[in-house]
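Residue numbers (the working numbering), protein chains in the order written: chain E, 1255 to 1437; chain F, 114 to 369. Every residue, glycine too, gets a C-beta built ideally from N, C-alpha and C.
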Amino acid sequence: MNKLEGPFILVNPERCLGCHTCELACAAAHTTAGNIIGAVLAGEKLYRRNRVVQVDSVKLSTQCRQCEDAPCVRVCPTGALYRTETYTAVDQRLCIACRLCMMVCPFGAIHVATTEVAGREKAAAFKCDLCVDRPGGPACVEACPTKALSLKYPTEVIHQATQAAARQFLDALESQKQLASSQ
Amino acid sequence: MINLTVNGQPVTVPDGTTVLQAVRAAGVELPTLCYHEGLAPYGACRLCMVVITAPRHALVASCAYPVEEGMVVETNVPEAATARHLALEFLLSRCPQSDVIREMAAKEGITTSRFGAPPPERADELCVLCGLCVRVCREAIGAAAISFIGRGMERRVGTPFDVQSDACIGCGACAEICPTGAIKMEDQGNKRILHTWHTTVELHTCPQCGRFFVPEPMSFLKEMFPEIEDLWALCPECRQQRAARQWIEQRATSPV
Ligand code: SF4
Ligand code: SF4
Ligand code: SF4
Ligand code: FES
């Protein structure tokens, strides 16, 4: 697994209904209109950056993991894919649709499609950018009806994992004490 | 930052910006053909001609000309329009069959060319010699599989000797970037055929779903990115599936 530093979208598969609301919210958030009705009325094309997949009977959304040492950023020959301190995104104006990023993304999180960029039709790469330009943060997180998605900071995840581990340890200690006293 | 005016309208752009970028930043439309944001400026098609009246008078290709403090740019003065119209007439006489060129010309009121029609053997020519394919393959991809061949009226693009290229990695960037759709590329089963380059590359089969995905000549990426070695031939959908499965398993063993 690649080292992560900035935030990323975390999915709780136990909560995901597979309703695809997040996909629609993602697509709408990246239109000029910024919402689904406006985008449809303006005849804008809709492209989602995430995808709900099914693994056996479990459904969950998948998207870019925001790798810190991102292979897509390293491979991109034009600098269209870039990384800031906290996220990776693509500047579609620079994209030449070579698909090298698609080939190296371990998570299958990038796709190339024809779209309108600066008034011109062209093929360009699409990926999750954590809705950095959206005041309310990631649209998928906001739209999920069951709160299966959250924007997590790796430190938070580590913190929660540490807490969980500590709890297990204390529980184990507790039960040992009980064992000791019952002997 | 640099301050200049475009058609009388003040704009402020970062240092190192081209006149074309400043023109577009000012919201003024200007046709371009050989320009691509991701590649170095080339200045070949002459469609982006503008007149600069300060600091000195010049007729320039805006895509390859850097901005200067206090510059005055005019896109609609007769001198600029005439230069663009001339370029369009040249293009129209070379590629009368190209919808893209015809539309571009019509937008500037040009429907006929004083330079006549192409010879019968090139009547269907779509290539405008903008060099985008050659440049993207050399500059960005680093494959340099194609180049300009011949001179004058005979000038065209192709692979050396018009035979199968061993340098082509089958990325398709040339076909995607070509503004007139002159490059024919097609996937047939496990083959990607670049008809215009007389080149065929093999596509790997996704071991999970059987779709054809990665071109074989891109295998060098495996060495560059060891993290993808064991999922190399998987298509993006199957990679998503794999990542999702791993996440479910990871959660089962160490709950977050
Ligand atoms: S498809 Fe676009 S974003 Fe991806 S590597 Fe090529 S130029 Fe970069
Ligand atoms: S498909 Fe081949 S010729 Fe075209 S840009 Fe890629 S490497 Fe170059
Ligand atoms: S084939 Fe297309 S991209 Fe290449 S020089 Fe001709 S018009 Fe330009
Ligand atoms: S776009 Fe400037 S010369 Fe072609």
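- Taking 7 Å as the cut-off, the Cβ atoms of A1283/E and A1393/E count as close.
- Chain-order list of chain E residues neighbouring A356/F: V1307, T1316, R1319, P1360, F1361, G1362 and A1363, by C-beta distance under 9 Å.
- The chain-ordered list of residues whose CB is nearer than 6 Å to some heavy atom of ligand 2 reads V249/F, C250/F, I254/F, A256/F, A258/F, I259/F, C281/F, I282/F, G283/F, C284/F, G285/F, A286/F, C287/F, L307/F and W310/F.
- The nearest non-hydrogen atom of ligand 3 is 6 Å or more from the C-beta of I262/F.
- Nearest CB-CB separation between A1287/E and chain F: not below the 7 Å threshold.
- Relative to ligand 3, even the nearest heavy atom lies 6 Å or more away from the CB of C1352/E.
- Of the candidates G1272/E, P1331/E and D1387/E, the residue whose Cα lies closest to the Cα of T1400/E is G1272/E.
- Residue range I1290 to L1295 is occupied by the alpha helix (DSSP H) that includes I1290/E.
- Between P330/F and T272/F, the alpha-carbon positions lie close to 16 Å from each other.
- Taking 6 Å as the cut-off, the C-beta of V1344/E counts as close to a heavy atom of ligand 1.
- Burial is judged here by how many other beta carbons sit within 10 angstroms of a residue's own beta carbon; H170/F has fewer than 16 and is exposed.
- The DSSP-derived three-state label of R159/F is coil.
- CA-to-CA, the gap between Q359/F and K297/F works out to about 40 Å.
- In this structure, the straight-line span from the alpha carbon of Q1317/E to that of R1303/E is close to 7 Å.
- For R1347/E, at least one C-beta of chain F is nearer than 7 Å to its own C-beta.
- For C1385/E, the closest alpha carbon among the candidates L1314/E, A1397/E and M1356/E is that of A1397/E.
- Rounded to the nearest whole angstrom, the C-alpha separation of D343/F and R352/F is 11 Å.
- Here the alpha carbon of T1342/E sits roughly 35 Å from the alpha carbon of W310/F.
- In terms of Cβ geometry, T313/F and C281/F do not form a close pair [threshold 7 Å].
- The residue among G285/F, P144/F and H308/F with its C-alpha nearest the C-alpha of I214/F is P144/F.
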